[in-house]
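Asker: Numbering (the UniProt record's numbering), first residue to last: 1 to 681. Glycine included, every Cβ here is placed at the ideal spot set by N, Cα and C.
1. Just to confirm my understanding: we take residue 562, look at its own chain, exclude 5 residues before and 5 after, and list those with CB closer than 7 angstroms. What are they?
2. Would you give the residue range spanned by the alpha helix (DSSP H) that residue 306 belongs to?
3. Ends of the alpha helix (DSSP H) at residue 16?
4. For residue 166 versus residue 155, is the C-beta distance shorter than 7 angstroms?
5. Measuring straight from C-alpha to C-alpha, what distance separates residue 208 and residue 147?
6. Can you tell me the Cα-Cα spacing of residue 403 and residue 364, whole angstroms?
7. On the DSSP letters alone, give me the boundaries of the beta strand (DSSP E) that residue 646 sits inside.
8. Tell me which residue opens and which closes the beta strand (DSSP E) that residue 391 is part of.
9. So who's on the other strand from residue 179, going by DSSP bridges?
10. Quick one, which of 348, 514, 659 has its alpha-carbon nearest residue 396's?
11. Are the stretch 622–629 and the stretch 537–555 in contact at 8 angstroms, needing three or more beta carbon pairs?
12. Residue 525: which of 51, 474, 413 sits nearest, CA to CA?
13. Please list the terminal residues of the continuous beta strand (DSSP E) segment that includes residue 509.
14. If you reduce the DSSP assignment to three classes, tell me which class residue 471 lands in.
15. Tell me, to the nearest whole angstrom, how far the beta carbon of residue 99 is from that of residue 63; I am working on the premise that it is less than 8 angstroms.
16. Would the beta-carbon of residue 543 fall within 7 angstroms of that of residue 605?
17. Tell me where the alpha helix (DSSP H) around residue 637 begins and ends.
18. Rounded to the nearest angstrom, what separates residue 333 and residue 322 at their Cα positions?
19. Near residue 42, what residues of its chain come up, given a Cβ to Cβ distance below 7 angstroms and the 5 sequence neighbours on each side ignored?
20. Within the continuous beta strand (DSSP E) that includes residue 535, where are the two ends?
21. For the stretch 400–438, which segments carrying the alpha helix (DSSP H) assignment without a break, of at least 4 residues, lie completely within its bounds, in sequence order?
22. Check the DSSP bridge columns for residue 566 and list the partner residues they point to.
23. I'd like to know if the stretch 590–608 and the stretch 523–540 are in contact, where contact means that at least 3 CB-CB pairs between them fall below 8 angstroms.
24. Which residue from 320, 95, 358, 434 puts its Cα closest to that of residue 107?
25. Should residue 534 and residue 516 be called a contact, given that it needs their Cβ atoms to be closer than 7 angstroms?
26. Kindly list the residues whose CB is nearer than 6 angstroms to the CB of residue 88, restricted to its own chain and excluding five residues on each side of it in sequence; keep chain order.
27. Just to confirm before moving on: does the CB-CB distance between residue 667 and residue 536 stay below 7 angstroms?
28. Please name the residue in 101, 387, 177, 212 whose C-alpha comes closest to that of residue 437.
29. Starting from residue 123, trace the alpha helix (DSSP H) in both directions and tell me its first and last residue.
30. Please state whether DSSP places residue 68 in a helix, a strand or coil.
31. Alpha carbon to alpha carbon, how far is residue 313 from residue 307?
32. Can you tell me the Cα-Cα spacing of residue 672 and residue 47, whole angstroms?
33. Helix, strand or coil for residue 257 per DSSP?
34. Does the separation of the CB atoms of residue 176 and residue 215 fall below 7 angstroms?
35. Would residue 417 and residue 368 be called neighbours here (beta carbons separated by less than 7 angstroms)?
Spelled out as structure tokens, the structure:
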């Protein structure tokens, strides 16, 4: 059985801590006098510093200490929180991330430059605590309530071997206030049974501090899942009783406990933490119980489990096919039960892979902040539908395309403050990121209230690039889709943000690789909106199984609107123009027999499956609609990877292979056919 690498766990949780620090800084820049935000950022920096030292990330701990000290001075009223300080710590936060990811690399020059910026931001003084605060600073600092805490904790025996140093925890507690530390050595085995690398000591700490409970929790945040911890608030009299005779919080007892045996009298005076009875359930016990409800599992294991579930669904499909051909009632009953259970397992597994898009949207606050500073524009970022959930693989693969779309909205779409005021708009431009679920798809939109897309410039650029013929008639949708052509850009000059014509075609390819589609709507003077329609999951989908000639194909059910019958007479009435009348509108259809070059004779009564992406629709003419099918998606081989008509394959119950149709490509082909017929007509 494999165990999680403690350093890997630290890196994961350090990344979460850095995200929380970044979020706090981005909030603080709009509320510089918000003391709660200052405290939150300080606690995050303090936690990262202490945990970095505990796990051997000394460079991270040393660098973070300077940022922590700067915010400590803000907390004490010695310096004011300014936008320059927030910007300096934001840049420092990027450096901290590099120190977490690459602790052995040489980051010295970058670190020195950032510390110089930090020093300038706090008034040119060293970012270190003053020995004696100035009287003015003392007057600014509000009086705080002093709390007394009793903290008892023990770590697993293998903690030292895994890189967790308990003395680092004690040092962090000392940073919070006056500490009295007692070590319980009663669990240490006899010398002949002692393993030097194992830990058998527990601690009983009395802490007098102005900090609240959350600051204590932050000390143990990286080791909470593996330890025994009890934290309770006690009275001042109880704290005095728990203190040693000297009445000081000297570090000597801890040093003695770590270097030499404690006297028998001292050891007998304390019982192990596990044996201490509690009159009431401590808040820490409650929080630890809640933490135990969540298990951190590597994403690779979820992927492996999803693969096994997919194989199970295929095996269940084969069993169902065998059972349907059998007269054995017991076999059919078992087959139905397995089908039900495998369906429930599949649904549960799909839920495990789903993550809220908030994890994706949260990355853009910093991006928008940095781009606003770079372009001199005033930008407000609005996010909607952050609780919408989507497959984690989709989240990972959409990150870069969304970054490009947001950068385009800011660079091309939003005007400068002066231009916005001149056109009667507010000084601040708005970029809105939204997500919503529609059937088996999630729709993610990037919208701005800028100048919109200039159609004349798009057409002129397309004609000069040879993408279209001069004067070629195009619908508004077709004209806007030209933006996604490789190398296309209407920017007058190349900037750090855009203008090179690289990116929008990659965005479209990425979305289509996810079996999605991309739509764009733009109103001159009011702004633009780009919508990405992506399947909720990429592993198992509901599909419609159809037959064309002797081959079987799967159409994603989320794209199917309805199924119709196409008689021979109706086909003849279309006069070869390949349109079908559907509730007073003409829908183009593609004959898959012609597309796949099937040599057999078509059925007299063929079927039309109407599919759609966004507002575009097309009909697919097939010979037979077999029925719905739980489709486990398998990737295509390298030889067939670039076949645009298909997005994958699946294994049917009889062991044969069915190809999964690429809906986006087929709809585009149908619309292109319609445009050609319109020009010819």
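Answerer: Walking through what the data contain:
1. In the chain shown, the residue the question calls residue 562 occupies position 562. Answer for residue 562: 610, listed in chain order.
2. As a first step, residue 306 must be located in the chain shown, where it is residue number 306. Here the alpha helix (DSSP H) through residue 306 covers 299–324.
3. Counting from 1 along the chain shown, the entry for residue 16 is found at position 16. 6–28 is the extent of the alpha helix (DSSP H) around residue 16.
4. For this step, residue 166 is matched to residue 166 along the chain shown. For this step, residue 155 is matched to residue 155 along the chain shown. Less than 7 angstroms divides the Cβ of residue 166 from the Cβ of residue 155.
5. Along the chain shown, one-based indexing puts residue 208 at 208. Along the chain shown, one-based indexing puts residue 147 at 147. Cα to Cα, the separation comes out at about 6 angstroms.
6. What you label residue 403 is simply residue 403 of the chain shown in a count that begins at 1. What you label residue 364 is simply residue 364 of the chain shown in a count that begins at 1. Each residue's Cα considered, the two are about 8 angstroms apart.
7. Here residue 646 corresponds to residue number 646 of the chain shown, with the count starting at 1. Here the beta strand (DSSP E) through residue 646 covers 646–651.
8. On the chain shown, position 391 is the one that residue 391 refers to. Counting along the chain, the beta strand (DSSP E) containing residue 391 begins and ends at 389–391.
9. Here residue 179 refers to the residue found at position 179 of the chain shown. Answer is 207.
10. Start at 1 with the first residue of the chain shown, and residue 396 comes out as number 396. Closest by alpha carbon: 514.
11. yes
12. Within the chain shown, numbered from 1, the residue matching residue 525 stands at position 525. Considering only alpha carbons, the answer is 413.
13. Working through the chain shown from its first residue, we reach residue 509 at position 509. Segment 504–513 is the alpha helix (DSSP H) holding residue 509; no beta strand (DSSP E) there.
14. On the chain shown, residue 471 is found 471 positions in, with the first residue counted as 1. Three-state result, residue 471: coil.
15. Taking the chain shown and counting its residues from 1, one reaches residue 99 at position 99. Taking the chain shown and counting its residues from 1, one reaches residue 63 at position 63. The Cβ separation is near 6 angstroms, so the contact holds.
16. By 1-based counting over the chain shown, the position of residue 543 is 543. By 1-based counting over the chain shown, the position of residue 605 is 605. It is not a contact, given that the beta carbons lie outside the stated cut-off.
17. Here residue 637 refers to the residue found at position 637 when the chain shown is read from its first residue. That residue, residue 637, is in no alpha helix (DSSP H); it is neither H nor E in DSSP.
18. In the chain shown, counting from the first residue as 1, residue 333 sits at position 333. In the chain shown, counting from the first residue as 1, residue 322 sits at position 322. Answer to the nearest angstrom: the Cα atoms are 12 angstroms apart.
19. Within the chain shown, numbered from 1, the residue matching residue 42 stands at position 42. 68, 71, 72, 75, listed in sequence order.
20. Taking the chain shown and counting its residues from 1, the one referred to as residue 535 is at position 535. Segment 527–535, the beta strand (DSSP E) holding residue 535.
21. 417–422
22. For the purposes of this step, residue 566 is taken as the residue at position 566 of the chain shown. 606.
23. no
24. The residue labelled residue 107 in the question sits at position 107 within the chain shown. It is 95.
25. As a position in the chain shown, residue 534 is number 534, starting the count at 1. As a position in the chain shown, residue 516 is number 516, starting the count at 1. Going by C-beta atoms, residue 534 is nearer than 7 angstroms to residue 516.
26. Taking the first residue of the chain shown as position 1, residue 88 is located at position 88. Hits under 6 angstroms: 117, 118, 121.
27. The residue given as residue 667 occupies position 667 in the chain shown. The residue given as residue 536 occupies position 536 in the chain shown. In terms of Cβ geometry, residue 667 and residue 536 do not form a close pair [threshold 7 angstroms].
28. Counted from its first residue, the chain shown places residue 437 at position 437. Of the listed residues, the one whose Cα sits closest to residue 437 is 387.
29. Reading the chain shown from its first residue, position 123 is the one you call residue 123. It is not in any alpha helix (DSSP H) - residue 123 carries neither H nor E in the DSSP assignment.
30. Start at 1 with the first residue of the chain shown, and residue 68 comes out as number 68. Assignment of residue 68 by DSSP, reduced to helix, strand and coil, places it in the helix class.
31. Counted from its first residue, the chain shown places residue 313 at position 313. Counted from its first residue, the chain shown places residue 307 at position 307. Their Cα atoms are separated by approximately 10 angstroms.
32. Working through the chain shown from its first residue, we reach residue 672 at position 672. Working through the chain shown from its first residue, we reach residue 47 at position 47. One C-alpha to the other measures close to 58 angstroms.
33. What you label residue 257 is simply residue 257 of the chain shown in a count that begins at 1. With a pLDDT of only 35 at residue 257, under the threshold of 50, the placement of this residue in the model should not be trusted; the figure read from the coordinates follows. Looking at residue 257 - three-state DSSP - the assignment turns out to be helix.
34. Numbered from 1 along the chain shown, position 176 holds the residue referred to as residue 176. Numbered from 1 along the chain shown, position 215 holds the residue referred to as residue 215. It is a contact, given that the beta carbons lie within the stated cut-off.
35. Residue mapping note: residue 417 aligns to position 417 of the chain shown, counting from 1. Residue mapping note: residue 368 aligns to position 368 of the chain shown, counting from 1. No, Cβ-Cβ distance for residue 417 and residue 368 is not below 7 angstroms.
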